[in-house]
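Undergrad:
Protein chains: 2
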Amino acid sequence: METNKKKLGALDISTRIRKEIFDGGIAFKEKLPAERVLADFYNVSRGTIRSALKHLEKDHYLTIKPGSGAVVSYERLKAIVSPVENANPLELIDARFAIEPHICRLAILHGKREHFKKLDDYMTLMEKNPDHTKEFAIADTNFHKTLAESTGNNLLIWIISQITAARDLPEWTKARNLTLNKDIVTLYNLQHRNILNALIAREPELAASAMKEHLETARLSLTRASGT
Amino acid sequence: METNKKKLGALDISTRIRKEIFDGGIAFKEKLPAERVLADFYNVSRGTIRSALKHLEKDHYLTIKPGSGAVVSYERLKAIVSPVENANPLELIDARFAIEPHICRLAILHGKREHFKKLDDYMTLMEKNPDHTKEFAIADTNFHKTLAESTGNNLLIWIISQITAARDLPEWTKARNLTLNKDIVTLYNLQHRNILNALIAREPELAASAMKEHLETARLSLTRASGT
DNA sequence: TAAAATTGGTTTAGTATTGGTACAAATAAG
DNA sequence: CTTATTTGTACCAATACTAAACCAATTTTA
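Line by line, the protein sequences are chains A and B. Residue numbers are given in the numbering used here: position 51 of the first sequence equals residue 460, and the series is strictly consecutive. Residue numbers are given in the numbering used here: position 66 of the second sequence equals residue 475, and the series is strictly consecutive.
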């Protein structure tokens, strides 16, 4: 592959450096040698090197700062995005549908009094004013997180935290703004209260089905919003 | 891209130290040499060393305290190990109990013929010889993975892959060796067959309860093994 | 406890290095 | 030929590095 006698062009060099970044030869945040050094190394003029580096900067592989140098801005690990961030709202609802009803059952088995107290506090917050959809959304997230915490199962807590983290993503926020209104909030509050009551009454199946009903409502309002 | 003859810059030095921390050369909570010593060691001025250390502090690799020194605040293991790897087998079973029954329901909704074919292939493998517990364990993992894939929900697929990945960990392997024998394998095969039959018959609740029964058996054999 | 030594934090000014730019000549590609 | 790229050079501006001195927090020593 090496045509040693042949002079290298700007594109050849940018390809080489890009490969080296890909393979980890030059890692994230590492500094490239100075343009004059690279020119000497590749046996080309400085202008050619500059042209090559400009291409890489345009593709966000490098960050070039005058007087300072060129630094690798491409992070290999970050390129692998979490599936959570790629999931659409309906996929998330399906996942919650799988997990949260059973979380209710486990909450009754392992939940402490302080967890139920915390859940009640969040309920009070949500019921305070059905018009404040933003505050409702935050308290809602905390409600479901606390519910997961009450199971004492770190794996489930982690999964729910991953899922709820997605609610801060732009796509989800947009969907929420479309669906949340005073009537929906009032309905959600009623359903949350049903869940909490079933938990306190130590009725696992009642709590689970109350959760299913809640998630079914959420799914419906979501499909209705995207359908119109 | 090592230009060893050249004088080192702040970024070069921060890269070197970061690598040493990452490779465990300087352990968690260990103290770095004084800035003046490092300056002498790297043959640069103290300002350059300070600049390098500041970068590392910004990335939470170090904690610098005036008058006292710079201490490694980056915990290598904690950064790599995911919550899944810290979960114990019983927590994993609970999580699977939450998720997999509903996966059965979704598999009936979204599963294609090729998925069921693949499931049947793994069944054949598992039924081939109940004595080969090692091959059984691998096919078992693939069975549950394929089941998740048949839902078409990337989030659920990812969660299950995370959970099944934990089965290769020492703790889980140990527990499996304690519980798996010919009788258990035969029972598991029967239960797997029940699940698959329910899927093919398009009976969501039947499939879900077959899965619950399967996981209940797994949980029982696990507690029995740790109880003796 | 008090003094001394060590360590990081800061400032200052001078020097060296680096990327940014411009332009004419040489080379390559079509 | 024409056109585009590369080259070589010189200079500018931004940034990094050096060196020295002093301050403030902490640790060590007596």
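Note that the Cβ used here is the ideal one computed from N, Cα and C, for glycine as well. All figures in this text were calculated on a predicted structure; none of them were measured in a lab.
1. Quick check on the DSSP output: the beta strand (DSSP E) that includes A:A479 runs from which residue to which?
2. In chain order, which alpha helix (DSSP H) runs of at least 4 residues are fully inside the stretch 413 to 448 of chain A?
3. Which residues in the same chain as B:Q600 place their Cβ atom closer than 8 Å to its Cβ, once the five residues preceding and following it in sequence are excluded?
4. Please classify A:D468: is it buried, with 16 or more other beta-carbons within 10 angstroms of its beta-carbon, or exposed?
5. Considering only the alpha carbon of each residue, which of B:M535, B:T457 and B:T555 lies closest to B:L608?
6. Between A:Y597, A:V480 and A:L564, which has its C-alpha nearest A:I512's C-alpha?
7. Quick check: what's the CA-CA separation for B:G520 versus B:T560?
8. Using a C-beta to C-beta distance shorter than 9 Å, which residues of chain A count as neighbours of B:D421?
9. Relative to the C-alpha of A:V594, which residue among A:L578, A:K537 and A:L605 is closest?
10. With contact counted as at least three CB pairs below 8 Å, one residue from each stretch, are the stretch 542 to 551 of chain B and the stretch 461 to 480 of chain B in contact?
11. With a threshold of 7 Å between beta-carbons, can A:I508 be considered close to chain B, or not?
12. Keeping to the same chain, check which residues put their C-beta closer than 8 Å to that of A:E439; ignore five residues upstream and five downstream.
13. Spatial neighbours of B:L441 within its chain, please: CB distance less than 8 Å, with the 5 preceding and 5 following residues excluded, ordered by chain position.
14. Do you know offhand how far A:K583's Cα is from A:N598's?
15. Anything in chain A within Cβ reach of B:T457, meaning under 9 Å, just list it in chain order.
16. Excluding the 5 residues preceding and the 5 following A:Y483 in the sequence, name in chain order all residues of the same chain whose CB lies nearer than 6 Å to its CB.
17. So if DSSP puts A:L471 in a beta bridge, which residue, or which two residues, is it bridged to?
18. Output yes if chain A places a C-beta closer than 7 Å to the C-beta of B:D529; else output no.
19. Within the same chain, show all residues whose beta-carbon is closer than 7 Å to that of B:A504, passing over the 5 residues directly before and after it, in chain order.
20. By alpha-carbon positions, which one of B:I604, B:T542, B:R459 and B:D449 ends up nearest to B:R514?
21. Listed from N- to C-terminal order along the chain, which residues in the stretch 533 to 562 of chain A have their beta-carbon within a distance smaller than 8 Å of any beta-carbon of chain B?
22. I'd like the list of long-range same chain contacts for A:I517, defined as Cβ closer than 7 Å, with 5 residues on each side in sequence excluded.
23. Roughly how many angstroms separate the alpha carbons of A:D530 and B:T632, rounded to a whole number?
24. Count the other CB atoms within 10 Å of the CB of A:N562; is the residue buried (16 or more) or exposed (fewer)?
25. For A:A634 and B:A557, what's the separation of their Cα atoms in angstroms?
26. For B:H511, go through chain A and note every residue whose CB falls closer than 7 Å to its CB, in chain order.
27. Select from the stretch 452 to 485 of chain A all residues with a C-beta closer than 8 Å to any C-beta belonging to chain B, and list them in chain order.
28. Measuring alpha carbon to alpha carbon, tell me which residue in B:K527, B:L465 and B:K543 is nearest B:S423.
29. With DSSP collapsed to three states, give me the class of A:G520.
30. Identify the contact partners of B:I568 in chain A, using a Cβ-Cβ distance below 8 Å as the criterion.
31. When you compare each of B:K526, B:K543 and B:R585 to B:N606 by their alpha carbons, which one comes out closest?
32. From this set, A:D592, A:L417 and A:W581, which residue's C-alpha is nearest A:G456's C-alpha?
33. Taking only runs that begin and end inside the stretch 577 to 620 of chain A, name each unbroken alpha helix (DSSP H) of 4 or more residues, in chain order.
34. Between the C-alpha atoms of B:A419 and B:I473, what's the straight-line distance to the nearest angstrom?
35. Please look up how many angstroms separate the CB atoms of B:A507 and A:I508, rounded, as I've assumed it's under 8 Å.
36. Should B:W581 and B:A575 be called a contact, given that it needs their Cβ atoms to be closer than 7 Å?
TA: With the structure as the only source:
1. For A:A479, the enclosing beta strand (DSSP E) has its first and last residue at G478 to V481.
2. Fully enclosed alpha helix (DSSP H) runs of 4 or longer: 419 to 431.
3. These residues qualify, in order along the chain: A619, E622, H623 and T626.
4. Under this definition A:D468 is an exposed residue.
5. Here the closest residue by C-alpha is B:T555.
6. Measuring from the Cα of A:I512, the nearest candidate turns out to be A:L564.
7. A straight-line Cα-Cα distance of about 6 Å links B:G520 and B:T560.
8. For the C-beta of B:D421, the chain A residues within less than 9 Å are, from N- to C-terminus, E439 and K440.
9. Among A:L578, A:K537 and A:L605, the Cα nearest to that of A:V594 is on A:K537.
10. Output reads no: the stretch 461 to 480 of chain B does not touch the stretch 542 to 551 of chain B.
11. Yes, its Cβ sits closer than 7 Å to a Cβ of chain B.
12. Excluding sequence neighbours, A:E439 sits near V480 and V481.
13. Hits under 8 Å: I426, I435, L447, L462, L471, G478, A479, V480 and V481.
14. The straight-line gap from Cα to Cα measures roughly 21 Å.
15. Per Cβ cutoff of 9 Å: no residues; B:T457 is ~13 Å from chain A at best.
16. Sequence-distant Cβ neighbours of A:Y483 in its own chain, meaning closer than 6 Å and more than five residues away, are I430 and Y470.
17. Residue pairing by DSSP puts A:L471 in a beta bridge opposite A:V481.
18. With 7 Å as the cut-off, B:D529 does not count as an interface residue toward chain A.
19. Taken in chain order, the residues that qualify are I572.
20. Cα-wise, what sits closest to B:R514 is B:I604.
21. Listed by position along the chain: T560 and N562.
22. Counting only Cβ-Cβ distances below 7 Å, and skipping sequence neighbours, we find L608, R611, P613 and A616.
23. Between A:D530 and B:T632, the C-alpha separation is close to 36 Å.
24. By the Cβ-count criterion, A:N562 is buried, with 16 or more other Cβ atoms from all chains shown falling within 10 Å of its own Cβ.
25. Each residue's CA atom was taken as its position, placing A:A634 and B:A557 some 28 Å apart.
26. For B:H511, the chain A residues whose C-beta falls within less than 7 Å of its own C-beta are F506 and A507, listed in chain order.
27. Correct list: G478 and V480.
28. Checking every option, the nearest Cα to that of B:S423 belongs to B:L465.
29. Coil.
30. Within chain A, the residues near B:I568 are A504 and I568.
31. Of the candidates B:K526, B:K543 and B:R585, the one whose C-alpha sits nearest the C-alpha of B:N606 is B:K526.
32. The shortest C-alpha separation from A:G456 is found at A:L417.
33. Secondary structure within the stretch 577 to 620 of chain A: the alpha helix (DSSP H) runs of 4 or more consecutive residues, fully enclosed, are 579 to 588 and 591 to 609 (chain order).
34. Taking the straight line joining both Cα atoms gives about 17 Å.
35. About 5 Å separates the two Cβ atoms, so the contact holds.
36. At the C-beta level, B:W581 and B:A575 come within 7 Å of one another.
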